[in-house]
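*Asks:* There's a structure below that I have some questions on.
In the UniProt record's numbering, the protein residues as written are 1 to 271.
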């Protein structure tokens, strides 16, 4: 095991692909390599983490469920960010050569008891990975969102060009000065982006490192946040609703209907 890989990590392998998941750090994908090339930004806060039970920003940490208003921690930020489980300790339920399943309980500061499951599976031929999330309640119904926040390297470090991001969205959520959607949908604008886009037929975004690699992010969810304002990495974040969705577009988790989402990343080498 590499000296940088935590002892708790689960390593999956298929053909020339290797993926490392650290359940002790939010069930985060800490490394994804193909033919030895790392695709994810390294570091404790990076890789790819789960966003749940909300995605992106929740307005000043407050949201309403019926007549009740709830306050989430904002951690010295203007808004509550990316859910409660991205740094939590998850439990490994099972793991084999190509796949693994993990769970974490929803507890304080989330107002309701529940459970989140993430299943990670490499394609048999090493050409992709599928991530699946489930959010369940242990009692009362509650609003929730689920998604992923991957940090893909802007440059793969082999002397090639920076990544190019390609997609065809039906709309862009207009972003206000507070970085929250205003509620108005506009025609997609050119980057740089820290913006949410709507794709009602499902997410389809292509990352291309010219002459090196093409990676497609696909999902049946209808929203994706694209972030490319940092020099080291870019983010393509499939999620079940827009930022501040606990307030504007709640999706209820009930005892008989969990919130489920999945995304598949597939890649092919260009040389």
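Glycine included, every Cβ here is placed at the ideal spot set by N, Cα and C.
List, from N- to C-terminal side, the beta strand (DSSP E) runs of 3 residues or more that fit wholly inside the segment 195-233.
*Replies:* Whole beta strand (DSSP E) segments, 3+ residues: 203-209, 213-219 and 223-227.
*Asks:* Quick one: Cα of residue 214 to Cα of residue 73, how far?
*Replies:* One-based indexing of the chain shown puts residue 214 at position 214. One-based indexing of the chain shown puts residue 73 at position 73. Between residue 214 and residue 73, the C-alpha separation is close to 38 Å.
*Asks:* Would you list the residues sitting across from residue 33 in a DSSP beta bridge?
*Replies:* By one-based count along the chain shown, residue 33 stands at place 33. Per DSSP, 18 and 38.
*Asks:* Kindly confirm or deny that the segment 144-151 and the segment 42-59 touch, where touching means at least three C-beta pairs closer than 8 Å.
*Replies:* Flag = yes, the segment 144-151 and the segment 42-59 touch.
*Asks:* When burial is assigned at 16 or more other CB atoms within 10 Å of the CB, is residue 50 buried or exposed?
*Replies:* Along the chain shown, read from residue 1 onward, the residue named residue 50 stands at position 50. Classification for residue 50: buried.
*Asks:* Under a Cβ-count criterion, where at least 16 other Cβ atoms within 10 Å of its own Cβ denotes burial, should residue 114 be classed as buried or exposed?
*Replies:* Residue numbering aside, residue 114 sits at position 114 when the chain shown is read from its first letter. With 16 or more other Cβ atoms within 10 Å, it is buried.
*Asks:* Mind the definition here: the segment 53-60 touches the segment 24-42 only if three or more C-beta pairs lie below 8 Å; say whether that holds.
*Replies:* In short, these stretches do not touch, since the Cβ pair count stays below three.
*Asks:* For residue 8, which residues from the same chain have a beta carbon less than 7 Å from its beta carbon, with the 5 sequence-adjacent residues on both sides left out?
*Replies:* Stepping through the chain shown from its first residue, residue 8 is reached at position 8. Taken in chain order, the residues that qualify are 22, 23 and 24.
*Asks:* By a C-beta neighbour count over all protein chains shown, 10 Å radius and 16 as the cutoff for buried, is residue 238 buried or exposed?
*Replies:* On the chain shown, residue 238 is found 238 positions in, with the first residue counted as 1. Flag for residue 238 reads buried.
*Asks:* According to DSSP, what are the bridge partners of residue 262?
*Replies:* For the purposes of this step, residue 262 is identified with residue 262 of the chain shown, where counting begins at 1. According to DSSP, residue 262 bridges with 132.
*Asks:* Closer than 7 Å to a non-hydrogen atom of the ligand FAD - does that hold for the CB of residue 175?
*Replies:* Within the structure as shown, the ligand FAD is missing, as the structure has no ligands at all.
*Asks:* Who are residue 65's beta bridge partners in DSSP?
*Replies:* By one-based count along the chain shown, residue 65 stands at place 65. Residue 65 is bridged to 68.
*Asks:* With H, G and I counted as helix, E and B as strand and the rest as coil, what does DSSP make of residue 172?
*Replies:* Here residue 172 refers to the residue found at position 172 when the chain shown is read from its first residue. If DSSP states are grouped into helix, strand and coil, residue 172 belongs with the strands.
*Asks:* Would DSSP call residue 23 helix, strand or coil?
*Replies:* One-based indexing of the chain shown puts residue 23 at position 23. Residue 23: helix per DSSP, three-state reduction.
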